[in-house]
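Asks: Residue -19 is where the sequence shown starts when you use the working numbering, and the numbers rise one by one after that.
Glycine residues also receive a C-beta, built at the ideal position from the N, C-alpha and C atoms.
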Amino acid sequence: MKEKLQRFMWGRYGIDRLNRFLLAGAFLFMILSMTGVGFFYAVATVVMVYAYFRIFSRNIDKRASENQWYLKQEMKVRGFFLKKKKELSQRKEYRIYKCPHCGQKIRVPRGKGKIAVSCRKCGTEFVRKS
């Protein structure tokens, strides 16, 4: 029996990060459907069917390109939150100002008094209290 199942899966795409995300989303919508709203159940069913379609698909190139697109989007979101986390951790030691001319963010150490800051991008000089 196990051998038949293995032979059935030969040449199939399998599970990747996008499928894990889809199945987790389907599980979440199933939980939400317990509130009595039938819409969530329908969405969970559609997402789960699509995830299983991707798992059993033989068009590996197409599924791999879908996964690469998902990974790019995921890295954009992760990068945004990592950037915010880094900015929050530096708030104790630095003040972050924006250049009034070009909008470039400039990091200035705290506690130095009134200082003249020059933008590395456009060269504009402005005075700020740190």
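Buried or exposed for Asn39, please, with buried defined as at least 16 other CB atoms from any protein chain shown within 10 angstroms of its CB.
Replies: Asn39 should be labelled exposed.
Asks: Below 8 Å between beta carbons: does that hold for Tyr(-7) and Ser37?
Replies: A contact, by the Cβ cut-off of 8 Å.
Asks: I believe Arg171 touches Tyr77 by the beta-carbon criterion, under 8 Å. Please report the beta-carbon distance rounded to the nearest angstrom.
Replies: Nothing can be reported for residue 171, as the shown portion of the chain is limited to -19 through 110.
Asks: For Thr104 versus Pro80, is the C-beta spacing smaller than 8 Å?
Replies: Against a cut-off of 8 Å, the Cβ pair of Pro80 and Thr104 comes out as a contact.
Asks: With DSSP run on the structure shown, which of helix, strand or coil describes Ser13?
Replies: Helix, per DSSP.
Asks: Looking at C-beta atoms only, is the number of pairs between the region 24 to 32 and the region 1 to 15 that lie closer than 8 Å three or more?
Replies: Yes, the region 24 to 32 is in contact with the region 1 to 15.
Asks: Could you compute how far the alpha carbon of Met10 sits from the alpha carbon of Phe33?
Replies: Answer to the nearest angstrom: the Cα atoms are 19 Å apart.
Asks: Between the C-alpha atoms of Ser69 and Gln84, what's the straight-line distance to the nearest angstrom?
Replies: Straight-line Cα distance between these residues: approximately 19 Å.
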